[in-house]
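Working notes, beginning with the structure itself.
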Amino acid sequence: MAELVVAANLAGSVASRNAPKLWDYLVQNRKLRAELKHDISYIRSESLMISAAIQQDGDRPPWSSNPVHKVWITMVRDLAYDIEDCIDRFTHRVTLKPDVSWIVKKFHRMKTRSARNKFAAAIRRLRKKSEDASKLRTSYSTSEYGGGSSTLESETPSDDTDTSVAAVGMDVPHDELMELIRETPQGQQPMELKVISLVGFGGIGKTLLTKHVYNTTESEYKARAWVCAAEKGSRDVLKEILWQLGMHSTISSSSGSAGNPCRLSNNMLCASLRECLGTKRFLIVIDDMRRDFWVDIKDAFPVVPGVNSRVIVTTATQTIAIKSSCRDGHVYIMRTLAEQHSKQLFFEKASLVYPPTVRDTELSSEVIRKCDGLPLALITTARLLHGDHRRRQWADLGNNLGSHLETHHMLANMKRVLVRSYTNLSKQDIKICLLYLGIYPSGRPIRRGSLIRRWSAEGFITAEPKRSALEVAVASFNELVDKSIIQPIDASGNGSAEVKTCKPHSIMLEFILHRSMSENFVTLLYDKDPPPGSKIRWISLQHKTDARSKMDPKDLSLVRSLTIFGEAHNSMLDFSKYKLIRVLDLEECDEHLGDKHLKEICSNMSLLRYLSLRGATRVTVIPKQIKKLQLLETLDLRGTSIEILTIEVMELPYLIHLFGKFKLQQDVGSRRMSKLQTWLSERSKLETLAGFVVDNNSQGFTQIMEHMKHLTKVKIWCEFTAHDSSNSRHLSKSIKGFIQSGTDLNKAHSLSLNTNDEWCPDLLDFSLEKDYSYYLSSLKLQGNTICSQLPLFVTMLGGLTKLCLSFLGDHKLSGNILDALSRVRGLEYLKLIATQLDKLGIRQGHALRSLRHLCVVAEVATELEIQEGALPRLEFLRLLCKDINGFSRTIQSLPRLKEVALPDAVSDETKQEWKGAKKNHPRRPKLLFVETKPMGSESAAEIIPAETTTDTTVEEVDVEREPAAAATDTTLSVTTLPNVTTKETGTNEKRACCRS
Numbered sequence: 001m002a003e004l005v006v007a008a009n010l011a012g013s014v015a016s017r018n019a020p021k022l023w024d025y026l027v028q029n030r031k032l033r034a035e036l037k038h039d040i041s042y043i044r045s046e047s048l049m050i051s052a053a054i055q056q057d058g059d060r061p062p063w064s065s066n067p068v069h070k071v072w073i074t075m076v077r078d079l080a081y082d083i084e085d086c087i088d089r090f091t092h093r094v095t096l097k098p099d100v101s102w103i104v105k106k107f108h109r110m111k112t113r114s115a116r117n118k119f120a121a122a123i124r125r126l127r128k129k130s131e132d133a134s135k136l137r138t139s140y141s142t143s144e145y146g147g148g149s150s151t152l153e154s155e156t157p158s159d160d161t162d163t164s165v166a167a168v169g170m171d172v173p174h175d176e177l178m179e180l181i182r183e184t185p186q187g188q189q190p191m192e193l194k195v196i197s198l199v200g201f202g203g204i205g206k207t208l209l210t211k212h213v214y215n216t217t218e219s220e221y222k223a224r225a226w227v228c229a230a231e232k233g234s235r236d237v238l239k240e241i242l243w244q245l246g247m248h249s250t251i252s253s254s255s256g257s258a259g260n261p262c263r264l265s266n267n268m269l270c271a272s273l274r275e276c277l278g279t280k281r282f283l284i285v286i287d288d289m290r291r292d293f294w295v296d297i298k299d300a301f302p303v304v305p306g307v308n309s310r311v312i313v314t315t316a317t318q319t320i321a322i323k324s325s326c327r328d329g330h331v332y333i334m335r336t337l338a339e340q341h342s343k344q345l346f347f348e349k350a351s352l353v354y355p356p357t358v359r360d361t362e363l364s365s366e367v368i369r370k371c372d373g374l375p376l377a378l379i380t381t382a383r384l385l386h387g388d389h390r391r392r393q394w395a396d397l398g399n400n401l402g403s404h405l406e407t408h409h410m411l412a413n414m415k416r417v418l419v420r421s422y423t424n425l426s427k428q429d430i431k432i433c434l435l436y437l438g439i440y441p442s443g444r445p446i447r448r449g450s451l452i453r454r455w456s457a458e459g460f461i462t463a464e465p466k467r468s469a470l471e472v473a474v475a476s477f478n479e480l481v482d483k484s485i486i487q488p489i490d491a492s493g494n495g496s497a498e499v500k501t502c503k504p505h506s507i508m509l510e511f512i513l514h515r516s517m518s519e520n521f522v523t524l525l526y527d528k529d530p531p532p533g534s535k536i537r538w539i540s541l542q543h544k545t546d547a548r549s550k551m552d553p554k555d556l557s558l559v560r561s562l563t564i565f566g567e568a569h570n571s572m573l574d575f576s577k578y579k580l581i582r583v584l585d586l587e588e589c590d591e592h593l594g595d596k597h598l599k600e601i602c603s604n605m606s607l608l609r610y611l612s613l614r615g616a617t618r619v620t621v622i623p624k625q626i627k628k629l630q631l632l633e634t635l636d637l638r639g640t641s642i643e644i645l646t647i648e649v650m651e652l653p654y655l656i657h658l659f660g661k662f663k664l665q666q667d668v669g670s671r672r673m674s675k676l677q678t679w680l681s682e683r684s685k686l687e688t689l690a691g692f693v694v695d696n697n698s699q700g701f702t703q704i705m706e707h708m709k710h711l712t713k714v715k716i717w718c719e720f721t722a723h724d725s726s727n728s729r730h731l732s733k734s735i736k737g738f739i740q741s742g743t744d745l746n747k748a749h750s751l752s753l754n755t756n757d758e759w760c761p762d763l764l765d766f767s768l769e770k771d772y773s774y775y776l777s778s779l780k781l782q783g784n785t786i787c788s789q790l791p792l793f794v795t796m797l798g799g800l801t802k803l804c805l806s807f808l809g810d811h812k813l814s815g816n817i818l819d820a821l822s823r824v825r826g827l828e829y830l831k832l833i834a835t836q837l838d839k840l841g842i843r844q845g846h847a848l849r850s851l852r853h854l855c856v857v858a859e860v861a862t863e864l865e866i867q868e869g870a871l872p873r874l875e876f877l878r879l880l881c882k883d884i885n886g887f888s889r890t891i892q893s894l895p896r897l898k899e900v901a902l903p904d905a906v907s908d909e910t911k912q913e914w915k916g917a918k919k920n921h922p923r924r925p926k927l928l929f930v931e932t933k934p935m936g937s938e939s940a941a942e943i944i945p946a947e948t949t950t951d952t953t954v955e956e957v958d959v960e961r962e963p964a965a966a967a968t969d970t971t972l973s974v975t976t977l978p979n980v981t982t983k984e985t986g987t988n989e990k991r992a993c994c995r996s
């Protein structure tokens, strides 16, 4: 069924966006519309009906095993692609700007007669193809959808594996969960009622761990119940709990009957359960909660003074976990197994010797890597290979795990988890976005910002009546994170609602990649050439062997997206052959790219919407042909040698995001500049400008910045070689104008300013109008002297939520900064970086009551004091200072603390001190030790949490004892003064799921 669900979603997605796209194009071409009226109406109606039919069937269609309908879905998908290709192929050839004279229109019509005739012929062919597909479906279907029944949910889904797994890698999580259940903070009375939520991807062992704890505590509770929520609603869960507690009469009356139609309401069931539990000490487990109904059942569990009852909820959805444990509870984030435990579990289930031989280690390495520490994946794959020592069989499973998931019955439990994760997504567009992740190599960090921009450029995301395309894309990404399908791998405790980097679980990637390739949605090139005549549309080159793969130029004509992770054959870099391409990401093809390639791209790819040449150091100049990229939305030139930005780039009508480090070209006359300013004011869509350089000789950007009405994110480098009050005033005016333009809460602005030693003190010496609220949500100031005295305007930013101050000179960081921030009442994220930390005291009067994340980075620290009640909402504390002896007492005044990060270089005595403070804290925060290394000034510039963060490595070790073997490394982004490598204390298993 899974393959048909994927095919249907792909077909429905393309068909749904074709109808309005085709109609909008023809509205602008009245004559052509008249000539093709009946053909266009038919295709438009057919596209809408196809999309509606597929969406109506949903994710569990009755035709799941109907081969006739499967063939029809494939035909519909290909037809939808052909329609979209036809529109794209001719649109740019026959479309004319609306504000031209009638003479130009007449000449254009004569010039494009041949193209319009070809378009008309293509439309008629597509109508004929659509009619044929409809007739074939009618002829060969015995009913509307045919027979067949879905077996996806025929078996009761479970996160459970078997009890023997508990002996492998589960002892530390078991101890941690038992501590949460039994804990009584030092000097306090027993907690009355506590809700503990376990959250993580399916198959990670939530049910198994909970069951082991449930059995261990059998004698400690007078009332106990275990309910599998799965597809149940609130009433069914309440009834099941009552039944297990012996309230059979209540259950019978709640169901009603012919003679007694009365059914107990949800409130009545809650009252019955509350009365049943009374003053008993109880333990209730609600396993596999998929629907968000905690608010409907929470009143069923009585709060009795001195009786520390517990409710445990397991779920794959973070919002459900957070809501369930929002009051006096705890969210426990499940972790995948470390490499050591993954190997042990795998070899035990495969009936092989552990520790393994060198040969067995080589045979199993790829399979174990793709299981990614998920117990269910390890067990199912090991049982498939049970007793089989054939090298070819092991290699085949490692290389084709996605295919085996589709076909082999012994992997059915794992497949069920993966299919359910996919089908339970709320919208068809989000499922397509998930399939798109197949273009990325396994285990590779994916930057959130670039992924969202690519989704938009591909056309997967469309704006809604009250939400922009960007907002819809962000919501889609957040849902994938919320469902635990993709894992955030940012710096731990980012403290921000925004994840910066992520990756899908390797086993999930294998599943979606196989389905995407089977449905011709994604094409991966290995060391063999693709079959001739292949209709390839999305290409990803992921391995070094891909450099040997060459393509027939004819096969490149339909390509919509090309992503290269490394080297590529010269045939792939012939950019004159890509006629329909929308997304071109050559970020890791830097050694093979030069100015001639960029010129070829600009000359031939008129439909391009996303272009990244990030890191291509041999690219030095932007050609004038870039003006042909009239549909370009994102241009990423970071890391290239391009220093001068031409006017043609600024005049691209659909450009939204521009990345690099530029100066505006100098030879712009006053008349040309005036025209540019007018054009920017009336037509520019630019939102991100990150960023531009201002020095003594270059002030072009300061003249045009105020004319960009849609700017929301700006990054500026001030590189003055001497005090220049004139340029400083122009820049100051532009910055002030940008801040004061942010009066819309839904379009909050972000500003990053980097200065050198020669900056003018008057640059930020301005105030804001007091009658307005300015929504500059993020401010990053960096420089040796810029932060020594907080600029006045910062204290006037009522909407500021993120602030990073970095001064790396000889200045001391002191409490004066906090005094100045007393008026910024909405601040949630504060990062302070300095060489020396003087006495820093945070008092109640500092008004930092909204702060959730505090990060202090300093070479030398003197004293840190946080008064009781000063930071009531702080969740993440990062103290990256060399000497923090005696600082541990500060966390006792932080009631909501979830995580603490400290330097790994501190003494063992200091580590023990902090471990003790952690145990005495009511919330038992996670404790991280960060290895720091000095770095140069150039690297030090990248200190602000941003999309381009420093990749580092995380290891997690037990807080109580050293691990028996090194834990598995995974990628972690940390942006601080030093380069860092992080070790987590509190477990010996690598992090696999995001924080709560």
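Counting in the UniProt record's numbering, the sequence shown tops out at residue 996, every number present. Beta carbons are placed, not taken as given, at the ideal position from N, Cα and C, and that holds for glycine.
In this structure, what does DSSP give as the bridge partners for residue i?
| i | result |
| --- | --- |
| His-730 | Partner(s): none; His-730 has no beta bridge. |
| Met-178 | DSSP, once it has assigned bridges, lists no residue as partnering Met-178. |
| Asn-754 | Trp-717, Gln-782 |
| Gly-841 | Glu-865 |
| Gln-487 | Lys-503 |
| Cys-855 | Lys-831, Arg-878 |
| Leu-635 | Leu-611, Leu-658 |
| Pro-903 | Val-930 |
| His-248 | Looking at the DSSP assignment, His-248 forms no beta bridge with any residue, so it has no partner. |
| Trp-226 | Val-285 |
With DSSP collapsed to three states, give me the class of residue i.
| i | result |
| --- | --- |
| Tyr-610 | strand |
| His-38 | helix |
| Pro-504 | strand |
| Val-930 | strand |
| Asp-288 | strand |
| Gln-836 | strand |
| Gly-660 | strand |
| Glu-938 | Note that Glu-938 scores a pLDDT of 36, beneath 50, so its modelled location is shaky and nothing firm can be said. |
| Asp-695 | coil |
| Pro-157 | Only weak support is given to the placement of Pro-157: the predicted model assigns it a pLDDT of 43, under 50, and the value that follows is read from those uncertain coordinates. In the structure shown, Pro-157 sits in coil (DSSP, three-state: anything other than H, G, I, E or B). |
| Val-583 | strand |
| Leu-363 | helix |
| Thr-640 | coil |
| Ala-946 | Summary for Ala-946: the model assigns pLDDT 29, below 50, so the residue's position carries little reliability; its value from the coordinates is reported in the next sentence. DSSP places Ala-946 in coil when its eight states are reduced to three. |
| residue 1003 | What is shown of the chain runs 1 to 996, which leaves residue 1003 out entirely. |
| Ala-967 | Its pLDDT being 30, under 50, Ala-967 is placed unreliably by the model, and the measurement read from it follows with that caveat. Residue state, collapsed to three classes: coil. |
| Tyr-145 | At Tyr-145, the pLDDT of 46 sits below 50, so the modelled position is not reliable and the matter cannot be decided from this model. |
Identify which residue in the options has its Cα closest to the Cα of residue i.
| i | options | result |
| --- | --- | --- |
| Lys-675 | His-707, Val-693, Ala-690 | His-707 |
| Ser-506 | Glu-362, Ser-426, Gly-202, Trp-538 | Gly-202 |
| Leu-851 | Arg-823, Thr-801, His-592 | Thr-801 |
| Glu-828 | His-853, Ser-670, Ala-847, Ala-469 | His-853 |
| Lys-535 | Asn-696, Glu-510, Thr-755, Leu-580 | Leu-580 |
| Ile-489 | Lys-483, Leu-480, Lys-500 | Lys-500 |
Are the beta-carbon atoms belonging to residue i and residue j less than 8 Å from one another?
| i | j | result |
| --- | --- | --- |
| Phe-662 | Asp-636 | no |
| Phe-793 | Ile-866 | no |
| Leu-842 | Leu-871 | Here the sequence assigns Ile to residue 842, which means Leu is not the residue at that position. Contact flag set, yes. |
| Ala-323 | Asp-292 | The residue you asked about is not Ala; residue 323 is Lys in the sequence shown. Against a cut-off of 8 Å, the Cβ pair of Asp-292 and Lys-323 comes out as a contact. |
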